[in-house]
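Asker:
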Amino acid sequence: MSLDILLLSQEETHPFYAGVNAYFTAPLLEGDPLPLEKFSAAPPLGLTLLATELNRRGLAALPLYNFFSREKEVRRLAAALERRPFAACISTTHTFRPETTAAIADLVRRLSPDTALIVGGPGAEWNPALRPAGAYTVLGPGEETLPALIAALEEGRDPAAVPGIIPPGATAPAAPPAPSAAMDSLPFPDWGLYPAAPSGVAVQGSRGCPRSCGFCSYSAPYAARSAGAVLAELRHNRDRWGIRRFRFTDSDFAGDPARALEICRGLEADGGFAWTCFARADSLLRPGLPEALRRAGCQWVFIGVESGSDALLAAMDKGCGRGEMLAGIAAAKGAGLGLHGNFVVGYPGETKSTAAETLAFARVSGLDTVYFSPFQIRSPGIPALAGAQGGLCGGEGAWEHSTMSSAAALACAEDMIEDISADGSAPLIASEALFSLFSGTGAGDYRESVMDFHGALRSWHAARRAGSATGMAEARKRFLRHL
Ligand code: B12
Ligand code: SF4
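Residue numbers for the sequence shown follow the numbering used here, beginning at 192 and rising by one.
1) With a threshold of 8 Å (Cβ to nearest heavy atom), would A339 be considered close to ligand 1?
2) Mind checking who E534 pairs with in its DSSP beta bridge?
3) Hey, would you say G446 sits closer than 9 Å to S474, going by beta carbons?
4) Among the candidates A278, S570, V392, F258, whose CA atom is the shortest distance from the CA of E345?
5) Using the Cα positions of I196 and A366, report the straight-line distance between them to the nearest angstrom.
6) Tell me, please, which residues DSSP counts as bridged to A307.
7) Check whether the Cβ atoms of Y562 and I520 sit closer than 9 Å, and answer yes or no.
8) Is the number of C-beta pairs between the segment 580 to 600 and the segment 635 to 642 that are closer than 8 Å three or more?
9) When you compare only the Cα positions, how much space is there between Q291 and E482?
10) Using CA atoms only, rank isn't needed, just tell me which of R275, A604, L504, F258 is closest to S303.
11) Put A369 into one of helix, strand or coil per three-state DSSP.
12) Sort H673, H652, A664 by Cα distance to L625 and report the nearest one.
13) Work out the CA separation of L240 and L268 for me, nearest whole Å.
14) Runs of 4 residues minimum, wholly inside the segment 641 to 674: which ones carry the alpha helix (DSSP H) assignment?
15) According to DSSP, simplified to helix, strand and coil, what is E591?
16) Return yes when the Cβ of G399 is within less than 9 Å of the Cβ of A423, no when it is not.
17) Considering only C-alpha positions, which residue in the set E334, A388, T545, S397 is nearest to P368?
18) Does A604 come out as helix, strand or coil in the three-state DSSP assignment?
19) Excluding the five sequence neighbours on either side, which residues of its own chain have a C-beta within less than 6 Å of the C-beta of Y208, listed in chain order?
20) If you draw a straight line from the alpha carbon of L628 to that of V299, how long is it in whole angstroms?
21) Contact between the segment 522 to 529 and the segment 584 to 602 is defined here as three or more beta-carbon pairs at a separation below 8 Å; is this criterion met?
22) To the nearest angstrom, how far is the alpha carbon of L384 from that of L253?
23) Compute the Euclidean distance between the alpha carbons of A634 and L484, then round it to the nearest angstrom.
24) Which first and last residues belong to the beta strand (DSSP E) in which Y256 is found?
25) Measuring CA to CA, which of C280, A342, T286 is closest to V329?
26) Could you spell out where the alpha helix (DSSP H) holding Y327 opens and where it closes?
27) With A405 and I573 assumed to form a contact (beta carbons below 8 Å), what rounded beta-carbon distance in angstroms separates them?
28) Cβ of S630 within 9 Å of Cβ of I620?
29) Quick check on DSSP: helix, strand or coil for L675?
30) Between the alpha carbons of Y214 and S622, how many angstroms are there, rounded?
31) Since I568 sits in a beta bridge, which residues does DSSP pair it with?
32) Whole-angstrom Cβ separation of L308 and P323, contact assumed at under 8 Å?
33) Can you look up F464 in the DSSP assignment and give me helix, strand or coil?
34) Within the same chain, show all residues whose beta-carbon is closer than 6 Å to that of G537, passing over the 5 residues directly before and after it, in chain order.
35) Taking all protein chains shown into account, do 16 or more other C-beta atoms lie within 10 angstroms of the C-beta of L220, making it buried, or fewer, making it exposed?
36) Do G586 and P571 have their C-beta atoms closer together than 9 Å?
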């Protein structure tokens, strides 16, 4: 069969984080707002993988992303809908508002009423409000389930019989998602499906995480690709499209040291790659591993530090205390890696005093950049909610436990950002989402860009506090140079 299938993604920021994100959005959007496409990241990996897999199976799949924020793309979407595609599949990896998925569904229905609507990704899986009326919902990774659903629809078989499908109007699947296919059988994403191949992309070396920290929605099931398959994809990206910059999406790139070392050896031998990854601080304690990462072209590592309080780290089941956090950071810093630390504010047990411990920790941590993210119930399955830890109750938009509410945590995180930003000797406040803006591949120029950009944001806030319009304008000029 050769059916036209559209794969659609409209990325947006989460309304829950609007307050803390204002640290970045206020200076960037102030006065003469920057066009949104400046922040349009690389094409989403999930969408690209699904389109590649469908095409491999003989369908004609086209991925389109961020069409509501780019005039040219919305015209391409309208033209694609005029061809009356068989199905339009909406991704909710980074779509958080029901109005957005509903708007995409309305557009599809208006221009091509007979097109089947399908939605998938973590947003729709965790939040039923993101499932547009009349759409089939696909749970879990889509590489096997989506083609099976499309085949059932085309052949007139009962789609509800496909494991992992919630039919329109239902609330649960008749059968749970089938186990994913072996990771090494996944295709290499076809970045040529876009009008221009991206210069930097995401790479998925593993899925899920073997741990299950109390706040985390991303723990199970864990599966990794072999080092050989990951290296082959990276070389394919380079040879086919000249892509040398990438970010690993793995929850802990250093978690399996033998595999990480094998990937690093391959990258070092080839040379010329520049990349970032997530890693746990305790995984970076393996002797020689941080140095191997650096030699292989790793520029920045994102670490989930979460808290400066040992009691809270234990409550979160982080499996790593302050001491190991500091040691892991020191080891990575010694190897010359740039380091970003993410902290969660408001986990059950958080008080003003534990938040003060976190601030003190951030100051002495040795991290280059930090961010304070209010605790959010991203999925109903997170361990803290399942165990009603500290009396935790609520959902994605608001929660409460015995020591804090989501409103208090949001205010606390904003105060912590302000506090660290006002301290010239503390690490810089940075957003992970902005790291894709910097493209230097040399040893020093990437670090210089990251630090100069975020330093300019800090100067803008200092000028704002001082009421200096000239200072704000000068700082703005400085960070605009990087965009
Ligand atoms: C890279 C990344 C980012 C990058 C995005 C860069 C880019 N455009 O690629 C940056 C740093 C910008 C980012 C930001 C944020 N992110 Co983010 N991010 C990720 C991360 C690490 C990888 C995403 C990825 O590429 N995965 C690999 C692909 C293959 O998987 P996938 O997208 O899930 O797709 C698969 C399935 O979900 C499914 N699927 C997906 N869509 C569809 C559609 C259909 C029709 C079907 C059938 C199946 C299907 O099939 C796909 C293939 O198997 C994930 C965690 C993770 N490791 O997945 C978090 C994650 C997606 N991010 C998340 C969040 C919350 C955010 C932020 C709100 C964080 C914040 N505090 O601000 C911001 C908001 C985004 C924004 N625009 O500002 C959450 C999403 C939660 C949700 N959807 O409810 C995740 C899951 C992390 C988490 N554990 O909570 N993020
Ligand atoms: S916070 Fe990190 S280590 Fe903990 S479960 Fe989530 S991905 Fe795994």
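For each residue, glycine too, the CB sits at the ideal point set by N, CA and C.
Predicted model, so just to flag it, every value in this text is computed and none were measured.
Answerer: Answer, in terms of the structure:
1) The residue given as residue 339 occupies position 148 in the sequence shown. No, since every heavy atom of ligand 1 falls outside the 8 Å radius drawn around the Cβ of A339.
2) Locating residue 534 in the sequence shown gives position 343, counting from the first residue. According to the sequence provided, residue 534 is Phe. The question's Glu does not apply to it. E497, F563, per the DSSP bridge assignment.
3) Looking up residue 446 in the sequence shown gives position 255. Looking up residue 474 in the sequence shown gives position 283. In contact: G446 and S474 (Cβ atoms closer than 9 Å).
4) Looking up residue 345 in the sequence shown gives position 154. It is A278 whose Cα lies nearest to the Cα of E345.
5) Here residue 196 refers to the residue found at position 5 of the sequence shown. Here residue 366 refers to the residue found at position 175 of the sequence shown. Distance between the alpha carbons of I196 and A366: 25 Å.
6) Taking the sequence shown and counting its residues from 1, one reaches residue 307 at position 116. Its beta-bridge partners are A278.
7) Taking the first residue of the sequence shown as 1, we reach residue 562 at position 371. Taking the first residue of the sequence shown as 1, we reach residue 520 at position 329. Cβ atoms of Y562 and I520: not closer than 9 Å.
8) no
9) Residue numbering aside, residue 291 sits at position 100 when the sequence shown is read from its first letter. Residue numbering aside, residue 482 sits at position 291 when the sequence shown is read from its first letter. One point to set straight first is that residue 291 is Thr, not Gln, in the sequence displayed. Computed Cα separation, rounded: 44 Å.
10) The residue labelled residue 303 in the question sits at position 112 within the sequence shown. For S303, the nearest C-alpha among the options comes from R275.
11) Residue 369 sits at position 178 when you count from the first residue of the sequence shown. Three-state DSSP puts A369 in coil, outside helix and strand.
12) Walking along the sequence shown from the start, residue 625 turns up at place 434. The option with the nearest alpha carbon to L625 is H673.
13) Translated into the one-based positions of the sequence shown, residue 268 becomes position 77. Translated into the one-based positions of the sequence shown, residue 240 becomes position 49. For L268 and L240, the distance between alpha carbons rounds to 19 Å.
14) 660 to 671
15) Translated into the one-based positions of the sequence shown, residue 591 becomes position 400. Of the three classes helix, strand and coil, the one that applies to E591 here is strand, per DSSP.
16) Here the question's residue 423 lines up with position 232 in the sequence shown. Here the question's residue 399 lines up with position 208 in the sequence shown. Cβ atoms of A423 and G399: not closer than 9 Å.
17) By one-based count along the sequence shown, residue 368 stands at place 177. Checking every option, the nearest Cα to that of P368 belongs to E334.
18) In the sequence shown, counting from the first residue as 1, residue 604 sits at position 413. Helix, per DSSP.
19) In the sequence shown, residue 208 corresponds to position 17, counting from 1. Within the same chain, Y208 has no close Cβ partners at all.
20) As a first step, residue 628 is located in the sequence shown; it is residue number 437 there, counting from the start. As a first step, residue 299 is located in the sequence shown; it is residue number 108 there, counting from the start. Going from the Cα of L628 to the Cα of V299 covers about 32 Å.
21) no
22) Residue numbering aside, residue 384 sits at position 193 when the sequence shown is read from its first letter. Residue numbering aside, residue 253 sits at position 62 when the sequence shown is read from its first letter. Rounded to the nearest angstrom, the two C-alpha atoms are 7 Å apart.
23) In the sequence shown, counting from the first residue as 1, residue 634 sits at position 443. In the sequence shown, counting from the first residue as 1, residue 484 sits at position 293. The predicted position of A634 is uncertain, since its pLDDT is 47 and thus under 50; a value taken from the coordinates is nonetheless stated next. Approximately 13 Å, taken between the alpha carbons.
24) In the sequence shown, residue 256 corresponds to position 65, counting from 1. Counting along the chain, the beta strand (DSSP E) containing Y256 begins and ends at 251 to 256.
25) Position 138 of the sequence shown, counting from 1, holds the residue named residue 329. Of the listed residues, the one whose Cα sits closest to V329 is C280.
26) By one-based count along the sequence shown, residue 327 stands at place 136. Here Y327 belongs to no alpha helix (DSSP H); instead the beta strand (DSSP E) covers 327 to 329.
27) Taking the sequence shown and counting its residues from 1, the one referred to as residue 405 is at position 214. Taking the sequence shown and counting its residues from 1, the one referred to as residue 573 is at position 382. This sequence places Gly at residue 405; Ala is not what is there. Indeed they touch by this definition, with Cβ atoms about 7 Å apart.
28) As a working note, residue 630 is residue 439 in the sequence shown. As a working note, residue 620 is residue 429 in the sequence shown. No, these two residues do not count as a Cβ contact at 9 Å.
29) Nothing about residue 675 can be read from this structure; the chain reaches only from 192 to 674.
30) Taking the first residue of the sequence shown as 1, we reach residue 214 at position 23. Taking the first residue of the sequence shown as 1, we reach residue 622 at position 431. Roughly 9 Å between the two C-alpha positions.
31) Translated into the one-based positions of the sequence shown, residue 568 becomes position 377. BP columns for I568 are empty, so no partner.
32) In the sequence shown, counting from the first residue as 1, residue 308 sits at position 117. In the sequence shown, counting from the first residue as 1, residue 323 sits at position 132. Yes, they are in contact, since the Cβ atoms of L308 and P323 sit about 6 Å apart, within 8 Å.
33) In the sequence shown, residue 464 corresponds to position 273, counting from 1. F464 falls in the coil class under three-state DSSP.
34) Sequence index remark: in the sequence shown, residue 537 carries index 346 (1-based). Cβ within range, chain order: P565, F566, M595, A600.
35) Here residue 220 is taken as the residue at index 29 of the sequence shown, counted from 1. Result: exposed.
36) Taking the first residue of the sequence shown as position 1, residue 586 is located at position 395. Taking the first residue of the sequence shown as position 1, residue 571 is located at position 380. Yes, they are a contact pair.
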